[in-house]
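Engineer: Numbering (the working numbering), first residue to last: 678 to 885.
Glycine included, every Cβ here is placed at the ideal spot set by N, Cα and C.
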Amino acid sequence: WNGSACKFVHVQQERDGNVIVVRNLPKSNDASALEAEIRNHFQCFGYITRVQVKTDLDNRPRGFAFVVFDNAESVKTAVLVKHPAWDIKCKVDLPIYIEGDTRSSRKTAVSRGAATSVDAPMRLPFTLADRVLLLGEGDFSFTLAAVQSGFLDPCAAVATSNEPPRIHTHIEALRELGVHCITDVDATSLAFDNAFHVIVFNFPHTGE
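#1: Between P703 and the rest of its own chain, which residues show a CB-CB distance below 6 Å, the 5 nearest in sequence each way excluded?
#2: According to DSSP, is F741 part of a helix, a strand, or is it coil?
#3: So P738 and V730 are supposed to be a Cβ contact under 8 Å. How far apart are they, rounded?
#4: Please go through the stretch 804-857 and give each complete beta strand (DSSP E) segment of 3 or more residues, from N-terminal end onward.
#5: Drop a sphere of 10 angstroms on the beta-carbon of A755, count the other beta-carbons inside from all chains shown, and report buried for 16 or more, exposed for fewer.
#6: Could you work out which residue in V835, E712 and N701 is closest to G740 when comparing CA atoms only?
#7: On the criterion of 16 or more Cβ atoms from any shown chain inside 10 Å, does T793 qualify as buried, or is it exposed?
#8: Is D770 helix, strand or coil when you go by DSSP?
#9: Determine the burial state of G777: buried for a count of at least 16 other Cβ atoms within 10 Å of its Cβ, exposed for fewer.
#10: So for F873, helix, strand or coil by DSSP?
#11: How long is the line joining the alpha carbons of I844 and D693, rounded to whole angstroms?
#12: Using alpha carbons as the reference points, say which of T865, E814 and C832 lies closest to A806.
#13: Return the bridge partner residues of T732 from the DSSP annotation.
#14: Are the beta-carbon atoms of I876 and L810 separated by less than 8 Å?
#15: Let me check one thing: in DSSP terms, what residues is R716 bridge-paired to?
#16: Check each candidate in V744, I765 and F817 and name the one with the smallest Cα separation from F878.
#17: Could you compute how far the alpha carbon of V835 sits from the alpha carbon of P761?
#18: Consult DSSP for T726 and reduce its assignment to one of helix, strand or coil.
#19: What span of residues does the beta strand (DSSP E) with V698 cover, start to end?
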């Protein structure tokens with residue numbers, strides 16, 4: 678889909694409001710140890726759903742990480758506490774980098790009305806005729822938006838996450854509509870009787 682100007686942008690804005698970006702991390706540290714250190718620093722501010730230290734192909738830290746809280750209020754509190762070495766920002770306050778071009782921050786873009794624009798054509802990788810498997814759905818908001826907007830057949834969709842559900846209301850709404858939702862599952866262990874036409878790898882923050 679076209680993430681720059683369509684009705685799905687508010688979903689990403691909601692997700693980004695729950696995310697802290699930690700920069701200036703040491704690149705020599707072990708990724709697992711660094712993840713534990715970051716979690717230990719932020720856990721006093723609220724429930725953390727995930728800490729993701731970005732690494733290279735050799736599993737060496739790249740110098741930044743994402744901390745995902747279950748609510749935006751925890752983020753607002755956490756960014757006020759300074760760290761002697763780390764640069765800590767809410768994701769919505771950082772510039773957007775698209776193909777080497779620096780755009781205005783997510784917050785600025787939304788305030789200018791980008792999030793409410795629906796003029797751009799939808800670019801979804803599936804149609805109503807497709808049987809679709811959505812992996813890494815996080816809070817299941819993308820699947821819910823796709824179904825409610827009429828782009829995804831709820832009876833032909835399976836949405837999964839390897840984490841506990843962040844927002845139960847999304848899953849409850851999807852299940853009422855007929856979508857098969859699976860949580861706490863590793864995608865590599867999934868097995869289905871029928872094949873899918875499209876598999877959507879919808880992992881949050883991939884490649885950032």
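Structural biologist: Let me spell this out:
#1: none
#2: strand
#3: 5 Å
#4: 809-812 and 834-837
#5: buried
#6: N701
#7: Any answer about T793 is weak, because its pLDDT of 45 lies below 50 and its placement is not dependable; what the coordinates show is given next. Answer is exposed; the Cβ neighbour count stays below 16.
#8: helix
#9: Residue placement at G777 is poorly supported in this model, since its pLDDT is 38, which falls under 50; the coordinates still yield a value, given next. Counting Cβ neighbours within 10 Å, G777 comes out exposed, since fewer than 16 surround it.
#10: coil
#11: 15 Å
#12: C832
#13: P738
#14: yes
#15: In the DSSP output, where bridge partners are listed per residue, R716 has none listed.
#16: F817
#17: 45 Å
#18: strand
#19: V696 to R700
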